[in-house]
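There are 2 protein chains.
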Amino acid sequence: MSNIRIGIVGYGNLGKGVEKAVQQAPDMELVAVFSRRQLAETASGVPAVSTTKAGDYADKIDVMLLCGGSATDLAEQGPQFAALFNTVDSFDTHAKIPDYFAAMDDTAKASGKTALISIGWDPGLFSLQRLVAGAVLPNGTDYTFWGKGVSQGHSDAVRRIPGVKNAKQYTTPREAAIEAVRSGKHPALTGTEAHIRDCYVVAQEGADLAAIETAIKTMPNYFVGYETHVNFISEETFNREHAGIPHGGFVFRSGQTSEGVNHVIEFALTLDSNPEFTASVLTAYARAAHRLSQHGHKGAATIFDVPPAWLSPKTAAELRKELL
Amino acid sequence: MSNIRIGIVGYGNLGKGVEKAVQQAPDMELVAVFSRRQLAETASGVPAVSTTKAGDYADKIDVMLLCGGSATDLAEQGPQFAALFNTVDSFDTHAKIPDYFAAMDDTAKASGKTALISIGWDPGLFSLQRLVAGAVLPNGTDYTFWGKGVSQGHSDAVRRIPGVKNAKQYTTPREAAIEAVRSGKHPALTGTEAHIRDCYVVAQEGADLAAIETAIKTMPNYFVGYETHVNFISEETFNREHAGIPHGGFVFRSGQTSEGVNHVIEFALTLDSNPEFTASVLTAYARAAHRLSQHGHKGAATIFDVPPAWLSPKTAAELRKELL
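Below, the structure written as structure tokens:
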């Protein structure tokens, strides 16, 4: 069987992660990286191509992985590429998913392609867990915790405070809350109660540290209501200890099958690199998008529509023998 | 839409669990319980019917849940019922799954039915996790831990020792082994090293306790090589504290996406009742078997073949809006 031919759109952290992930896939080959910017070269040596030339690759790429860095990128690029290619993307603005699905579904139905949307870990693997666990334990409660991990939006917000040279914000789930859920209790938890916010800040020379700390802790929407810790550190420490983009989280379903008989289903991720892991999920689902398309699927689909077997390069008989 | 009409074959712990689970499903109704034994009545009040009369129900049941208590039951009952009904079963003899699949596939193809085999949590949800996690992190290692939970086979073996009146054996994963895997280390672990065996024994009056303990700890295949604890307790304590059938376990995938960048995916179950939880998984997959059949699937299938959306009574649009 010939390899699945992959294209990447967008060459930020996520696109670079996909480039690495495709190299680990025995049944895939990377054809080109597409970017709106003029790229000098790619890490893997495949051609860097302007997105305006993507149409030339319509017969040379089986699945295009859309690695645009924001919902804005994807809202535009999604339909543009689904008109020409099978696509996989990580559209993650939860509230806008129904509209995005409709737009991608219309385009992909017209082009006869498969558009697999909102793939990653949340939305993505976490959504899959919520679906399966909720179906198995209909009488129960979902709990989702995020972290320990870097929140890009909160880090940006801290960096905009006067006197701040650099900053990173980690969201950390409260251990006691996780333990309460894990032990089968059904605590009533708000996101504010369940998470702590830790800020690591490099201040500009002579800056008013107390003022920075107050500005952080009183920032509405971002920090008010949360237990927030502000740690001032040197630039060297920052570069040495806070260069990575770790993330992760927990999805729990705690439910009863009869009076007093409780069960807890837990799914947890501990990720050294959020973009590299997300890229690996996208890459596995590129295989599924290819197979959906081969089986005649036309239109948009989500992680909920993919038979798990299609994620693996192994045959159905191998999977039954080795993994069931 | 009319309800999915469910039948249960076998009325032990698993069948009784399905009876409870169907009552929690908004889109299902239980039609009858089939048994080889003469049942006086059922907890839910549905008719108790002899398995020899099952053919009379061919048009009255959409999915038959096979709750035979052992691989021996299913090896015979599986093909017998797949000749007449869509079926879901929990066939769990790993080594024989390929043969069982082939037998069920032949029968179900001939009858035009769907036979969903080896559903439960291992095989079942654990298998699903191994497949998804392995596809996302191809460069990695799987770890499975079982427990804390009751091992029926080991409990039976202890009960056969002279002087033992009653006994229960719990398999418990070693906390240090779990922590090593969870923290991203890749320990080389055997099942013997990773688990502890705890026995709770009610001795007959005047029995030689030291002899019983030695008989347990030196029992080949069952206990030799394991750290084994033997606790002698009174019959009252046994009945009060060891009446349940709890179980659970952990599936980990620890893998790298690039040099030094590690990720850990964890799935854990903590179950008050092994049979009630397994029954709930079977019931959710009965919905999927019904939909597979409605979509024209003929033959055997496994958890790997089921689009997750088909586990839920919600529509695809509801799932995208509420769970993605």
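Sequences listed follow chains A and B, in order.
Sequential numbering from 26 applies to the first sequence in this note's numbering.
Sequential numbering from 26 applies to the second sequence in this note's numbering.
Each residue gets a CB set at the ideal place from its N, CA and C atoms; glycine is no exception.
Chain-ordered chain A contacts of residue i [CB-CB under 7 Å]
i: Pro333/B; result: Leu153, Leu156, Val157 and Phe329
i: Phe126/B; result: Arg345
Residue i: contacting residues in chain A (beta-carbon distance under 8 Å)
i: Lys346/B; result: Ile122 and Pro123
i: Leu349/B; result: His119, Ile122, Ser143, Pro148, Ser152, Thr327, Ile328 and Phe329
i: Leu90/B; result: What Leu90/B touches in chain A: nothing, since even the nearest Cβ is about 14 Å away.
i: Ala79/B; result: Ordered by position in chain A, no residue passes the 8 Å Cβ test against Ala79/B, which lies about 26 Å from the chain.
Rounded distance between the beta-carbons of residue j and residue i, thought under 8 Å
i: Ala309/B; j: Met129/B; result: With 8 Å as the limit, Ala309/B and Met129/B do not qualify as a contact, their Cβ atoms being about 20 Å apart.
i: Gly32/A; j: Val56/A; result: 5 Å
i: Gly209/B; j: His272/B; result: The pair is not a contact, with the Cβ atoms about 27 Å apart (cut-off 8 Å).
i: Phe329/B; j: Pro332/A; result: 7 Å
i: Cys224/B; j: Ala192/B; result: 6 Å
i: Val71/B; j: Ile29/B; result: Between Ile29/B and Val71/B the Cβ distance is about 15 Å, and since that is not below 8 Å, they are no contact.
i: His350/B; j: Arg199/B; result: For residue 350/B there is no data in the structure shown, the boundaries of chain B being 26 and 349.
i: Val113/B; j: Ile144/B; result: 5 Å
i: Leu141/A; j: Ala341/A; result: About 20 Å separates the two Cβ atoms, so there is no contact after all.
i: Thr327/A; j: Arg316/B; result: That belief does not hold up - the Cβ atoms of Thr327/A and Arg316/B are roughly 16 Å apart, past 8 Å.
i: Ser337/B; j: Ala160/A; result: 5 Å
i: Leu348/A; j: Ser152/B; result: 5 Å
i: Asp297/A; j: Val286/B; result: 5 Å
i: Gly125/A; j: Gly149/A; result: The sequence as given places Tyr at residue 125/A; Gly does not occur at that position. Contact doesn't hold; Cβ gap of about 14 Å is too wide.
6 Å CB neighbourhood of residue i in its chain, flanking five on each side removed
i: Ala232/A; result: Gly188
i: Gly42/B; result: Pro300, Glu301 and Ala304
i: Thr76/A; result: Phe59 and Arg61
i: Glu374/A; result: Given a span of 26 to 349 for chain A in the structure shown, any question on residue 374/A remains unanswerable.
i: Lys323/A; result: Lys134 and Gly137
i: Ala205/A; result: Pro212
i: Tyr251/B; result: Thr217 and Arg222
i: Thr169/A; result: Val276
i: Glu291/B; result: Phe277
i: Ala158/A; result: Arg278 and Ile290
Chain A residues whose Cβ lies nearer than 9 Å to that of residue i
i: His288/B; result: Gly273, Leu294, Thr295, Leu296, Asp297, Ser298, Glu301, Phe302 and Ser305
i: Gly355/B; result: Because residue 355/B is not part of the residues shown, which for chain B are 26 to 349, the question remains open.
i: Gly209/B; result: Thr295 and Asp297
i: Gln194/B; result: Per Cβ cutoff of 9 Å: no residues; Gln194/B is ~21 Å from chain A at best.
i: Gln319/B; result: Here the premise fails: no neighbours, minimum Cβ distance about 16 Å.
i: Leu367/B; result: Outside the shown range of chain B, which is 26 to 349, sits residue 367/B, and nothing can be said about it.
i: Ala107/B; result: Residues of chain A passing the Cβ test: none, with the nearest at roughly 17 Å.
i: Ala83/B; result: Per Cβ cutoff of 9 Å: no residues; Ala83/B is ~27 Å from chain A at best.
Contact set between residue i and chain B, taken where Cβ atoms lie within less than 9 Å
i: Phe170/A; result: Result: empty, since nearest Cβ-Cβ is about 13 Å, beyond 9 Å.
i: Ala133/A; result: Within 9 Å Cβ-Cβ: nothing; Ala133/A doesn't reach chain B, min ~15 Å.
Beta-carbon neighbours of residue i, restricted to chain B and to distances below 7 Å
i: Lys45/A; result: Thr282 and Ser283
Cut-off 7 Å between Cβ atoms - residues of its own chain near residue i, not counting five sequence neighbours on either side
i: Trp294/B; result: Before going on, a small fix: residue 294/B reads as Leu here, not Trp. Here the set comprises Trp146, Gly273 and Gly274.
i: His288/A; result: Leu162, Gly280 and Thr282
i: Ala46/A; result: Ala304, Ser305 and Thr308
i: Leu18/B; result: Outside the shown range of chain B (26 to 349) lies residue 18/B, about which nothing can therefore be said.
i: Ala73/A; result: Val58, Ser60, Leu64, Glu66 and Thr67
i: Cys92/A; result: Ile33, Val34, Gly35, Gly37, Leu39, Gly40 and Val43
i: Ala105/A; result: As written in the sequence, residue 105/A is Gln, which differs from the Ala given in the question. So no residue of the chain qualifies.
i: Thr197/B; result: Gly172, Lys173, His220, Ile221 and Asp223
i: Leu234/B; result: Ala228 and Phe257
Same chain, Cβ closer than 8 Å to residue i, neighbours up to 5 away in sequence not counted
i: Lys242/A; result: Phe248, Val249, Thr253 and Val255
i: Arg62/B; result: Tyr36
i: Gln229/A; result: Gly188, Val189 and Lys190
i: Phe263/A; result: Asn191, Lys193, Tyr225 and Val227
Proximal residues of chain B, C-beta to C-beta of residue i below 8 Å
i: Ala50/A; result: Pro163
i: Ser69/A; result: Per Cβ cutoff of 8 Å: no residues; Ser69/A is ~12 Å from chain B at best.
i: Ala201/A; result: Neighbours of Ala201/A on chain B: none; closest Cβ ~17 Å, over 8 Å.
i: Leu55/A; result: Under the 8 Å cutoff, chain B gives no residues; its nearest Cβ is about 15 Å from Leu55/A.
Cβ-heavy atom distance, residue i to the ligand GTP, below 8 Å
i: His254/A; result: Absence of the ligand GTP from the depicted structure is noted, as is the absence of any ligand whatsoever, leaving it without description.
To be precise: take each residue of the segment 113-124 of chain A, compare its Cβ to all Cβ atoms of chain B, and keep it if any distance is under 8 Å. Which residues remain?
His119, Ile122 and Pro123
Taking 8 Å as the threshold, find out whether the segment 104-121 of chain A comes into contact with the segment 67-83 of chain A through three or more Cβ pairs.
Yes: the two stretches touch, three or more of their Cβ pairs being nearer than 8 Å.
Which residues, in chain order, does the segment 290-314 of chain A contribute to contact with chain B at a C-beta distance below 7 Å?
Ile290, Glu291, Phe292, Ala293, Leu294, Thr295, Leu296, Asp297, Ser298, Glu301, Phe302, Ser305, Val306 and Ala309
With three or more C-beta pairs closer than 8 Å as the rule, is the segment 165-183 of chain B touching the segment 193-202 of chain B?
yes
Quick one: which residues of the segment 159-188 of chain A get their C-beta closer than 8 Å to a C-beta of chain B? List them in chain order.
Gly159, Ala160, Val161, Leu162, Pro163 and Asn164
Do the segment 281-289 of chain A and the segment 275-284 of chain B touch if we need at least three Cβ pairs shorter than 8 Å?
The segment 281-289 of chain A and the segment 275-284 of chain B do not touch, with fewer than 3 CB-CB distances between them shorter than 8 Å.
Hey, is the segment 150-168 of chain A in contact with the segment 120-135 of chain A, meaning 3+ C-beta pairs nearer than 8 Å?
no
Selection of the segment 243-269 of chain B by Cβ proximity to chain A, strictly under 8 Å:
none
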